[in-house]
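Below you'll find the structure, written out as structure tokens, and then a few comments.
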Amino acid sequence: MTYDHIMVRFGELSTKGKNKKDFIRVLAKNIKNALSDFSNLTIETRFDHIYVVLNGNNPDDVLDVLQDVSGIHSLSLVYKTEPDIENLKKVCLELIKQEEGQTFKIKAKRADKSYPIISEDIIRHVAGVILSNTNLKVDVHNPDILLSIEIRQEGAYVFCKTIPACGGYPLGVGGKIMHMLSGGIDSPVAGYLLMRRGIKIECIHFASPPYTNVGVIEKLKDLLRKLNKYQPEIRLNIIPFTKLQEEIYHHCDESYAITIMRRMMFRLADRLARRRKCPAISSGESVGQVASQTLESMYTINEVTSLPVLRPVVAMDKVDIIKLARKIDTYDISIRPFEDCCTIFDPKNPKTKPSLEKAKEFEQMFDFESLIQEALDNVEVIYIKKEDSLL
Ligand code: ATP
Ligand code: MG
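Residue numbering for the sequence shown follows the numbering used here, beginning at 2 and increasing consecutively.
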């Protein structure tokens, strides 16, 4: 007897009504996209579950893909059958014989209240037939096999295993954010964590040719191809940053160069976010890692934008960020030795507590506004798509 459906659970939603409907609709669409390489699968959306009808596809392959779809809390391979009790007894006996173990427990849920037999009686009937036809024993506390039966209007579902999935929210229900993507380890991980919360990312990168070479862009594309697993299409905006950077180093004290450079980055991210209808900005900043990531620095840098700035890895240890980078397979790409615009102009003594007033004073030395406008006018846009990464 082969399982023919996968039951997709999204856990107890705190959202109700229209939000819940949106959640399920978006999740069903994302599941469909994620499974687009399989032929013949059907997706059925019900009130509190989504079902993937396997139609002969290999269940393990499908489960593998589903385990990474945001918003899915757990999955079960299920057998759909007629709810008639005699049939249920037969099916449950067959299915439990395929399992390994000496002890079992049965759980029954009667979601369809018009079903004539109450849950306790369903359990009694099915347990009886298992006890008299196998050597299995009942163990209600620590069973080897937990056989679950769910009676719903459209039929009965029987399953023995529940596999945890990644949780979170379906991509897209949280809107879109302007994410600052460098070629480093932290920002791809930060982007991934946002996607897990249902937020789509659009990326902004500050490029400083010829100080940074074109290899950096290839590196970013490779990173985003990895993230395509979670978001099938990502827009990358490349901002020409060289002129601004040169002017900063020309006019500002070296100890303030990083602070002012980052203020310019946030100004650009703010403008582009508004233009692209993103209500927030995000970055891979982690507190304490470098001079520009002290609280005082963040205060002085953040002052240029009134948009919320989300920093998903802000309080994570580097070892934990690296673990996640390995999990999502971006680590080996991130450590490729390409120069970043921050590493090129690395000052010897950057201020760890830059004052806002001083930063503003230095900025008055040059016309950064027109340089910001020029950079925005010359943004280069690339779309990185899932289909391209398969080529
Ligand atoms: P990462 O590993 O993400 O590069 P980092 O530890 O090297 O981070 P910084 O170089 O100070 O730290 O950068 C902090 C954050 O600022 C990055 O995570 C990224 O979000 C943003 N950032 C830095 N450089 C760039 C860049 N050239 N383009 C876009 N964003 C950048
Ligand atoms: Mg970096």
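Virtual Cβ for every residue (Gly too), placed ideally from N, Cα, C.
Assumed close pair residue i, residue j - CB separation to whole angstroms, cut-off 8 Å
i: C279; j: N238; result: Not quite, the Cβ-Cβ distance comes to about 11 Å (not below 8 Å), so this is no contact.
i: C93; j: I131; result: 7 Å
i: V53; j: V9; result: 7 Å
i: L96; j: Y80; result: 6 Å
i: I178; j: I282; result: 7 Å
i: I146; j: P60; result: No, I146 and P60 are not in contact; Cβ-Cβ is about 18 Å, not under 8 Å.
i: V127; j: L182; result: 54 Å between Cβ atoms; not a contact.
i: V315; j: S287; result: 6 Å
i: M196; j: L172; result: 6 Å
i: D330; j: K227; result: 5 Å
i: S356; j: T301; result: 7 Å
i: Y231; j: S335; result: Between S335 and Y231 the Cβ distance is about 16 Å, and since that is not below 8 Å, they are no contact.
Bridge partners - residue i, DSSP secondary structure assignment
i: P241; result: A208
i: P355; result: DSSP, once it has assigned bridges, lists no residue as partnering P355.
i: S283; result: H180, L311
i: E203; result: M179
i: R268; result: Bridge partners of R268: none, in fact.
i: M8; result: Y52, S77
i: Y158; result: K81, E151
i: R236; result: Y384
i: P393; result: Summary: the structure shown does not reach residue 393, with the chain confined to residues 2 through 392, and so no result is reported for it.
i: K21; result: Looking at the DSSP assignment, K21 forms no beta bridge with any residue, so it has no partner.
i: K138; result: T104
Residue span of the beta strand (DSSP E) that contains residue i, given as start and end
i: P171; result: From DSSP, P171 is part of no beta strand (DSSP E); its letter is neither H nor E.
i: A109; result: 104-111
i: H142; result: Taken as a continuous stretch (DSSP letters only), H142 belongs to no beta strand (DSSP E), as it is neither H nor E.
beta-carbon residue i near the ligand ATP non-hydrogen atom, thresh 7 Å
i: E286; result: yes
i: G291; result: Here residue 291 is Val; the residue named in the question, Gly, does not match the sequence. Checking the Cβ of V291 against the ligand ATP gives yes.
i: F24; result: no
i: F207; result: yes
i: G185; result: yes
i: M317; result: no
i: S188; result: yes
i: M196; result: no
i: L182; result: yes
i: Q294; result: yes
i: M266; result: yes
Where the alpha helix (DSSP H) through residue i begins and ends
i: K1; result: An answer regarding residue 1 cannot be provided, because it is not within the stretch 2 to 392 covered by the chain.
i: P189; result: 187-197
i: R226; result: 216-228
i: G129; result: 120-134
i: E297; result: 296-303
i: F367; result: From DSSP, F367 is part of no alpha helix (DSSP H); its letter is neither H nor E.
i: K324; result: 319-328
i: S335; result: 332-335
| request: Just list the beta strand (DSSP E) runs in the segment 24-102, keeping only unbroken ones of 3 residues or longer that don't cross its boundaries, in chain order. | output: Unbroken beta strand (DSSP E) stretches of 3 residues or longer found wholly inside the segment 24-102: 43-46, 51-54, 73-82, given in chain order.
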